[in-house]
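Protein chains in written order, with my numbering: chain A, 30 to 529; chain B, 94 to 151. Okay, so here's the structure we're looking at.
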């Protein structure tokens with residue numbers, strides 16, 4: 030080999046080795062940190078340089094029709110929600126998301142939230158507040174107290190500290206309220222505090238309630254147990270429309286404590302994806318020595334599984350936030366939230382729905398319809414047949430006598446600063462002002478158990494109520510998204526491994 | 094003579110780089126394409142292949 034050829038080969042072999050070591054360094058991320066971001070309004074690099082680069086770690090926004098990328102300007106979000114994928118070379122335990130934005134939103138779209146896909150089976154996102162119009166601008170006449178990121182807003186100044194308020198609320202909440210449910214929360218759990226209803230007023234009865242409709246997919250229910258025994262039963266049916274096996278977990282919680290559960294494996298002989306319904310399987314949970322009180326029933330499964338003839342020894346049973354019924358005959362429900370979001374996934378479910386007597390025509394599948402009800406404690410829903418997914422921020426029940434909602438009202442777009450509220454408790458970082466009227470918000474996520482596919486986390490940006498066909502709902506300009514991931518450094522891992 | 098060597102070695106280098114790309118993408122999906130434009134590298138590799146064929150003929 031001539032010396033020239035030898036030299037040039039050594040040169041490219043070293044170059045290849047450097048590239049390999051660089052990729053390995055990025056994969057290991059020895060510092061335990063990884064930053065990914067995009068400044069949408071930065072001057073774009075020339076197309077030639079652009080073509081030499083790899084792709085960005087922050088993907089393009091999807092669905093593309095919900096956002097407009099301007100030339101050297103911000104990304105304009107026109108509808109809710111939009112998604113980004115964020116590539117990371119390895120998994121990290123914490124993420125700090127910084128968003129610089131300019132909201133042009135109305136009172137019908139007062140909230141911006143961002144988060145990551147936490148569970149890909151239940152399609153659950155862990156969301157945190159980016160901007161809340163009520164907390165930023167809507168409570169100027171209220172007296173506010175702050176303790177770190179925790180804020181208490183009082184219509185009339187009665188407390189000097191949040192501690193005092195929480196102490197009184199824990200012991201005697203009814204003495205503070207001029208109306209029931211006078212405390213609203215935002216991004217804050219009042220775990221360990223009394224529920225937002227008077228349990229003493231509930232009817233004590235040991236009779237069983239049989240839910241007359243078949244319920245499809247994952248659901249959560251609240252129920253009240255007046256005795257010390259729980260008797261739960263139902264029939265599970267696998268529709269076998271999806272390609273995966275469909276296991277079922279039924280869990281009963283008192284607060285955050287699991288008190289009873291059942292796991293049912295999918296042992297059906299039908300082929301997954303064939304659409305052949307499996308035989309119905311009886312499921313039962315019987316548990317004694319429980320304290321009378323409020324319980325939550327978690328029915329965790331895929332959309333393939335239905336539960337029929339759900340029976341519980343309670344008079345109070347309410348589905349939380351969502352209900353999907355699969356019956357052929359007329360259905361009547363009530364809800365305590367003043368609005369209803371409706372979606373059909375199947376053409377057979379298209380129909381006219383009545384909400385407080387108002388007709389909502391469901392004409393398209395996959396489109397989310399929304400309707401508002403009258404001012405009332407609860408609202409009537411009437412359907413000709415099942416198949417529709419009904420959602421709101423309240424609960425759904427068979428009638429007023431079985432309605433039960435222990436959750437505090439949430440300060441969101443449906444509630445707003447309503448006259449019933451005297452106090453608002455929020456865990457919220459106020460947005461920071463930047464140049465050119467931009468705002469920036471910083472969110473902290475624990476990403477250890479978040480879903481990550483092919484090296485990508487799934488980031489959602491949600492502005493509930495923002496729709497393409499409603500120009501009055503506004504839009505959002507995003508100047509920059511920056512995500513800093515943190516995890517264990519290589520040095521920490523080595524020390525751990527050597528037990529130093 | 095020197096030009097021919099450079100063209101051939103460039104072709105070998107790009108071939109090795111593309112092999113590395115395939116291996117990295119198989120083991121760690123998304124890592125190589127984050128830093129390198131695979132379509133651009135493949136185009137360069139095709140051009141270098143054509144050029145080296147020309148020089149071999151000469």
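Idealized CB from N, CA, C, for every residue including glycine.
Asked                                                                                                                   : Found
Any chain B beta carbon closer than 9 Å to residue 516/A                                                                : no
Residue environment, residue 133/A, which counts as buried when at least 16 other CB atoms sit within 10 Å              : exposed
Near-chain B residues of the segment 43-68 of chain A (beta-carbon distance less than 8 Å), N- to C-terminal order      : 44, 45, 48, 49, 51, 52, 55 and 56
Contact with chain B by residue 113/A, beta-carbon distance below 9 Å                                                   : no
Residue 196/A, buried or exposed, once every other Cβ within 10 Å from all chains shown has been counted against 16     : exposed
For residue 267/A: DSSP bridge partner residues                                                                         : 334/A
Spatial distance of residue 309/A from residue 270/A (CA atoms)                                                         : 16 Å
7 Å Cβ cut-off: residues of chain B touching residue 84/A                                                               : 126 and 127
Buried/exposed call for residue 331/A, threshold 16 Cβ in 10 Å                                                          : buried
Chain-ordered residues of the segment 453-486 of chain A with a beta carbon less than 8 Å from chain B                  : 483, 484 and 485
C-alpha gap between residue 361/A and residue 121/A, whole angstroms                                                    : 47 Å
Distance, residue 237/A Cα to residue 502/A Cα                                                                          : 45 Å
Chain A residues whose Cβ lies nearer than 7 Å to that of residue 109/B                                                 : 45
Residue 245/A burial status per 10 Å Cβ neighbour count (16 or more: buried)                                            : buried
For residue 131/A and residue 466/A, the rounded distance between their alpha carbons                                   : 7 Å
At least three beta-carbon pairs within less than 8 Å, the segment 345-361 of chain A to the segment 418-432 of chain A : yes
Chain A within 9 Å of residue 96/B, Cβ atoms only                                                                       : no
Of the residues 146/A, 342/A, 520/A and 250/A, the one placed nearest residue 436/A, counting alpha carbons only        : 250/A
Below-9 Å beta-carbon distance, residue 117/B vs any chain A residue                                                    : yes
Contact list for residue 526/A against chain B, beta-carbon separation under 7 Å                                        : Under the 7 Å cutoff, chain B gives no residues; its nearest Cβ is about 21 Å from residue 526/A.
Runs of beta strand (DSSP E) wholly within the segment 83-170 of chain A (minimum 3 residues, chain order)              : 96-98, 104-106, 111-116, 123-134, 140-148 and 153-161
CB contact check: residue 513/A to chain B, cutoff 9 Å                                                                  : no
From 323/A, 351/A and 295/A, residue whose alpha carbon lies closest to that of residue 333/A                           : 295/A
Interface flag, residue 33/A vs chain B, CB-CB below 9 Å                                                                : yes
Distance, residue 68/A Cα to residue 86/A Cα                                                                            : 12 Å
Backbone CA spacing between residue 114/B and residue 263/A [nearest angstrom]                                          : 54 Å
Coil, strand or helix - residue 442/A by DSSP                                                                           : coil
Chain A within 9 Å of residue 105/B, Cβ atoms only                                                                      : yes
Which residues DSSP lists as bridging residue 352/A, in chain order                                                     : 419/A
Environment of residue 508/A [buried if 16+ CB atoms lie within 10 Å]                                                   : buried
CB of residue 315/A within 9 Å of CB of residue 259/A, strictly                                                         : yes
Integer-rounded CB distance, given that residue 312/A should sit under 8 Å from residue 354/A                           : That belief does not hold up - the Cβ atoms of residue 354/A and residue 312/A are roughly 19 Å apart, past 8 Å.
Extent of the continuous alpha helix (DSSP H) run through residue 35/A                                                  : 32-57
Exposed unless 16 or more other CB atoms sit within 10 angstroms - verdict on residue 387/A                             : exposed
Minimum Cβ-Cβ distance from residue 140/B to chain A less than 9 Å                                                      : no
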